[in-house]
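The number in my numbering is simply the position in the sequence shown, starting from 1, with 16 added. Yeah, the Cβ is synthetic: ideal placement off N, Cα and C, and Gly gets one too.
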Amino acid sequence: MKKNSSKKRNQNDNIIDYHLRFQDLLISISTKYINADLSNIDELIEKSLKRIGEFVGADRSYIFSYDFINKTCSNTYEWCSEGTEPEIQNLQNVPIAFLKDWLKVHRKGKAFYVEDVSLLPDDGEFGLRAILQPQGIQSLITIPKIKNKELIGFIGFDSVKKIHKYSDNEKNILFVFANMLVNVIQRKEHEELIKTQEAKKEELLKFLSHQNEQLNEYAQMVSHDLKAPLINIHTLVTWFINDNGDSLDKNSFEYLNNILFNVEKMDFLIKGILDYSTVNRLESKDRNIDLNFLIKDVIKLILVPNHIEIIVQQNLPTLYGNTWRFNQIFQNLIQNAVKYNDKENGCIEVGFLEKENHLEFFIKDNGIGIKSTYFDKIFKVFTKLESTSSSSGIGLSTVKKIVEFYEGKIWLESKEKIGTTFYFTIPKKHHIF
17 MKKNSSKKRN QNDNIIDYHL RFQDLLISIS TKYINADLSN IDELIEKSLK
67 RIGEFVGADR SYIFSYDFIN KTCSNTYEWC SEGTEPEIQN LQNVPIAFLK
117 DWLKVHRKGK AFYVEDVSLL PDDGEFGLRA ILQPQGIQSL ITIPKIKNKE
167 LIGFIGFDSV KKIHKYSDNE KNILFVFANM LVNVIQRKEH EELIKTQEAK
217 KEELLKFLSH QNEQLNEYAQ MVSHDLKAPL INIHTLVTWF INDNGDSLDK
267 NSFEYLNNIL FNVEKMDFLI KGILDYSTVN RLESKDRNID LNFLIKDVIK
317 LILVPNHIEI IVQQNLPTLY GNTWRFNQIF QNLIQNAVKY NDKENGCIEV
367 GFLEKENHLE FFIKDNGIGI KSTYFDKIFK VFTKLESTSS SSGIGLSTVK
417 KIVEFYEGKI WLESKEKIGT TFYFTIPKKH HIF
């Protein structure tokens, strides 16, 4: 009696030890999946099929994928023990109709298990027994692969050399392995999707860069071609006025002056297009730029009426960048502040504040102000607040493009009839201390 009790205890101990080792094997495989480079996913899956297959005493382990659109399934991975014939080449695009018995079970999320294939009913040439026996299969278990609650395939284990009986615990552990495989394959799919999206993004950026370069070249060419006839028109009209001024009546003078005004307007537009297309194409080298000197030079180029005072903060910073770009920023902003100032005593202030990660510049005026509905529109190309001047409507869009070129931001605060303040930032990495 004691002998039988001891024997049974040893059997139970062996079963417990077997399942503990099985669980340790799964933990080991899971760890490899988590830490693995998924570029070697195929090798990783094949090794895990081998380790699990050998542990449960199978002669062949494999993975199938269901294709419900084409109503087929295909063997995607396979491991075979020594002396066992591989079947992966023979099991591509197998009609699902041949597997209707285990497909029905898989749809319920359960394992399809045949302990003894020879006991299956003889249900014809395309029956399950007729499919399995030519492969030498004596026992078989297939575990469904479920992804996002949808059946996508199965993992199978064939016993060729002998009949193999799977316990409920073994089935449960094989389900865990199936879930691990689904997760690692899904992870690989996600990474491949990300790589594909990144490749498309890079391709799109290259295309846009090429398109932008072509547009800039086109703008340069068209602008250059347009300037010559404009100069000729301006010259001819000016000569005509000078030569025939005494004989022209008031209306004729107005017509001719209107022509000159529109020629000047067109000239400003062309210059604006050239400036805007030049922002990303400058070939001159960056250097240290003392803004104290740069802004003095900018103000000298602007026609400032006597009733307008420009106050520039002392000790402005030195920046590292392109002189033309920073000249364009301050020239456009100060020139606009002068142009749209309607006060008897106009005042414009230029200065900056040092923030934690950037320098914040401002150009403040007490001019006509801007409606809040125009705050975003004025930075768009060809947008103007009024159409009576020769302004190109490109100046502020050029300023915005340059500020963003230096990874900064630009915005404004304004009240009608009180004034406007433009702000823009330049990251401190461009600041020379």
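Confirm, please, whether the CB-CB distance from residue 364 to residue 384 is below 8 Å.
no
Go ahead and pull the three-state DSSP assignment for residue 68.
helix
Determine whether the Cβ of residue 215 lies closer than 8 Å to any Cβ atom of chain D.
The question asks about chain D, but that chain is absent: this structure has only one protein chain.
Look at the alpha carbon of residue 353 and the alpha carbon of residue 312, and state the distance between them as a whole number of angstroms.
16 Å
Considering only their Cβ atoms, is the gap separating residue 79 from residue 171 smaller than 8 Å?
yes
So the alpha helix (DSSP H) residue 420 belongs to, where does it begin and stop?
411 to 421
How should residue 95 be labelled, buried or exposed, when 16 other C-beta atoms within 10 angstroms of its C-beta is the threshold for buried?
buried
Pick helix, strand or coil for residue 117, following the three-state DSSP scheme.
helix
With distances taken from CA atoms, which of 393, 85 and 132 is nearest residue 8?
Outside the modelled stretch of the chain, which goes from 17 to 449, sits residue 8, for which no answer is possible.
Are there 16 or more other CB atoms within 10 angstroms of the CB of residue 319, so buried, or fewer, so exposed?
exposed
For residue 155, name the three-state secondary structure that DSSP assigns.
Strand.
Which stretch, first to last residue, makes up the alpha helix (DSSP H) that contains residue 311?
For residue 311, the enclosing alpha helix (DSSP H) covers residues 307 to 317.
Quick one: any contact between the stretch 88 to 107 and the stretch 120 to 130, if contact means 3 or more CB pairs under 8 Å?
no
Using 8 Å as the Cβ pair cut-off and three pairs as the minimum, do the stretch 366 to 382 and the stretch 333 to 349 touch?
yes
Is it true that the stretch 325 to 332 meets the stretch 366 to 377, where meeting means three or more beta-carbon pairs spaced less than 8 Å apart?
yes
I need the DSSP call for residue 172, collapsed to helix, strand or coil.
strand
Quick one: using the 10 Å Cβ neighbour count with 16 as the cut-off for buried, is residue 75 buried or exposed?
buried
What does the Cβ neighbour count give for residue 140, buried or exposed, with the cut at 16 atoms within 10 Å?
exposed
Please classify residue 100: does DSSP put it in a helix, a strand, or coil?
In the structure shown, residue 100 sits in coil (DSSP, three-state: anything other than H, G, I, E or B).
Helix, strand or coil for residue 356, going by three-state DSSP, please let me know.
coil
Report the rounded CA-to-CA distance for residue 152 versus residue 73, giving the unit in angstroms.
15 Å
I'd like to know if the stretch 159 to 167 and the stretch 183 to 197 are in contact, where contact means that at least 3 CB-CB pairs between them fall below 8 Å.
yes
For residue 335, name the three-state secondary structure that DSSP assigns.
strand
Following the continuous alpha helix (DSSP H) through residue 147, name the residue where it begins and the one where it ends.
144 to 148
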